[in-house]
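Residue numbers (the UniProt record's numbering): 1 to 246.
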């Protein structure tokens, strides 16, 4: 009888020990998974320049202040700037401070200045356009409209930003082809409710973006998913191994 009671107590003790440790391991695993949910990788972003005001000069809208708008953003490689404007305004990007201050790119070098969209001053009926510009280089970059001998630029249509590395460039933007066509000028046509979008063929909009530049994207990159899954798997193996040993 004593032997029976001893074996019975031993069985209950082992049963309790085994399942209590399983409960503890499941609890620790749950905590690990919850912590991993917080390590979400932010995606690339689209920033609409001037937001609802668009890309114009202060003669058209005295409230415009693009430098103030830019100062509230954190720009990184792979992000896009979206310029909503018309074919009476241009989009010039330069890394040359002198070109920027002159509001004139006529003497600029090809390797430091890009005309993403040129204006058509002869157009009597402005046509809406949307120009997408990827951020491809770390450091300071400048934007302005050079039309009417720089008048639009001197009237507020300019700003500069600082681009940081962030996640680096996505694969689609790392090696643009030298043979890809340059940005084309918008053509006048029938009035459409949807503006034309001017983007070189070698550029793709980022998949993980935020429509509102002020909000972080909640999308998780494929690389982030793999990393997160790997950490969770390692954590699970460690916990299982620990309780198998002890």
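Built from N, CA and C at the ideal position, the CB exists for glycine as well.
Taking 8 Å as the cut-off, the beta carbon of residue 83 is found closer than this to the beta carbon of residue 133. In its chain, beyond the 5 residues on either side, 146 and 150 have a beta carbon closer than 7 Å to the beta carbon of residue 104. Shown here, residue 62 sits in coil according to DSSP, grouped into three states, outside any helix or strand. Linking residue 171 to residue 79 through their CA atoms gives a straight-line distance of about 13 Å. A straight-line Cα-Cα distance of about 10 Å links residue 50 and residue 67. Counting along the chain, residue 143 sits inside the beta strand (DSSP E) bounded by residues 139 to 144. Residue 77: not part of any beta strand (DSSP E); DSSP gives it neither H nor E.
Residue 94 is not a Cβ neighbour of residue 76, given a cutoff of 8 Å. Assigned with DSSP and collapsed to three states, residue 106 falls in coil, not helix or strand.
Ranking 90, 161, 144 and 157 by CA distance to the CA of residue 64 puts 157 first. In terms of Cα proximity to residue 73, the closest of 46, 168, 136 and 90 is 46.
Approximately 6 Å separates the beta-carbon atoms of residue 87 and residue 126; this is inside 8 Å, confirming the contact. Taking the C-beta atoms as reference points, residue 90 is found nearer than 8 Å to residue 118.
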